[in-house]
Each structure stands twice: as structure tokens, then as C-alpha cells.
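By the UniProt record's numbering, the letter at position 43 of the sequence shown is numbered 43, and the numbering carries on one by one without gaps. Quick reminder that beta carbons are idealized off the backbone N, C-alpha and C, glycines included. Accompanying notes for the structure given below.
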Amino acid sequence: MILFIIGLLSGLISGMGIGGGTVLIPALTLFVGMSQHNAQSINLIYFIPTAIAALVIHIRNKRIRKELLWFLIGGGVIGAVIGSFVAISLDAVFLRRLFGVFLFYMGIKEIRKNKRKIKVNRE
Numbered sequence: 001m002i003l004f005i006i007g008l009l010s011g012l013i014s015g016m017g018i019g020g021g022t023v024l025i026p027a028l029t030l031f032v033g034m035s036q037h038n039a040q041s042i043n044l045i046y047f048i049p050t051a052i053a054a055l056v057i058h059i060r061n062k063r064i065r066k067e068l069l070w071f072l073i074g075g076g077v078i079g080a081v082i083g084s085f086v087a088i089s090l091d092a093v094f095l096r097r098l099f100g101v102f103l104f105y106m107g108i109k110e111i112r113k114n115k116r117k118i119k120v121n122r123e
């Protein structure tokens with residue numbers, strides 16, 4: 001049941017375009033006891049069907065700028081290959097800490113961005 005709940009929560013976040021890995025990877029390592037490398041590998045496989053489902057909905061709502069796709073896909077594929085080699089070569093503990101720092105940074109960035117929006121809306 002815990003895996004279903006983890007999948008549901010990360011799927012909801014994936015559908016919003018935030019990235020389900022922000023929930024999936026920590027949940028798999030903390031609640032299921034999976035290694036960081038395995039959790040990241042599961043996240044990559046998990047990403048394919050959830051991305052397709054979200055993509056269909058976003059295409060129906062005309063939220064995709066098709067002229068940008070090939071540049072983004074090309075850069076993404078190259079980055080994914082490089083990132084995979086880097087991740088495999090890193091120690092699991094260091095990789096977990098690096099991911100934690102990344103999540104912390106992104107959280108702080110989002111909080112600051114939302115504070116600015118609230119301030120602008122009040123004025």
C-alpha cells in the first residue's frame with residue numbers, strides 16, 4: 001500500500017510538471033529502504049508512462065510549444081547520458097546528499113518566488 005501511495009503522490013506532482021522524482025526518490029529511500037542509485041533508476045523508468053499521460057493532457061489543452069521541442073529533447077538526451085555516467089560513478093551517500101541539497105535549494109527558491117508574488121499582489 002505504501003508503494004501505491006508514493007506512486008499516487010509523485011504522479012500528482014508529475015502531472016503538474018514539477019517532477020515526481022522530488023517525491024518518489026526520497027520516499028523510496030526513506031520509507032522503502034531502497035538505495036539512492038536504485039531509487040533514481042526506478043524514477044527514470046517511472047517517468048516514461050507518467051510523462052506520456054501528462055503530455056497527452058497538455059497537448060489537448062494546447063500548452064506545448066512545438067517549435068522548442070527538438071532543442072529541448074536534444075539537450076535533454078545529451079544531459080541524461082552525461083548525468084547517468086556521473087551518477088553511476090558517485091558514491092551513494094554523496095549522491096543522496098547532493099540530491100538533498102538540490103531539493104533544499106529548489107524549495108528555498110520556490111518560497112522566495114511565492115513571497116515576491118504575494119508582495120506584488122498586495123500592492
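Please report the Cβ distance between G20 and T50, rounded to the nearest whole angstrom; I am assuming they are in contact, meaning their Cβ atoms lie under 8 Å. 6 Å
Compute the Euclidean distance between the alpha carbons of R75 and K62, then round it to the nearest angstrom. Looking at the sequence itself, residue 75 is Gly, so the reference to Arg does not match. Going from the Cα of G75 to the Cα of K62 covers about 23 Å.
N-terminal and C-terminal residue of the alpha helix (DSSP H) that E110 is part of: A92 to R122
Measuring straight from C-alpha to C-alpha, what distance separates F94 and I42? 19 Å
Separation of R97 from G107, as counted between CA atoms: 15 Å
Is S41 helix, strand or coil when you go by DSSP? helix
Would you report the Cα separation of M1 and G7, rounded to the nearest angstrom? 10 Å
Take the Cβ of A39 as the centre, count every other Cβ of all protein chains shown within 10 Å, and call the residue buried at 16 or more, exposed below. buried
Distance, Cα to Cα, L9 vs I52? 17 Å
Helix, strand or coil: which one does DSSP assign to I64? coil
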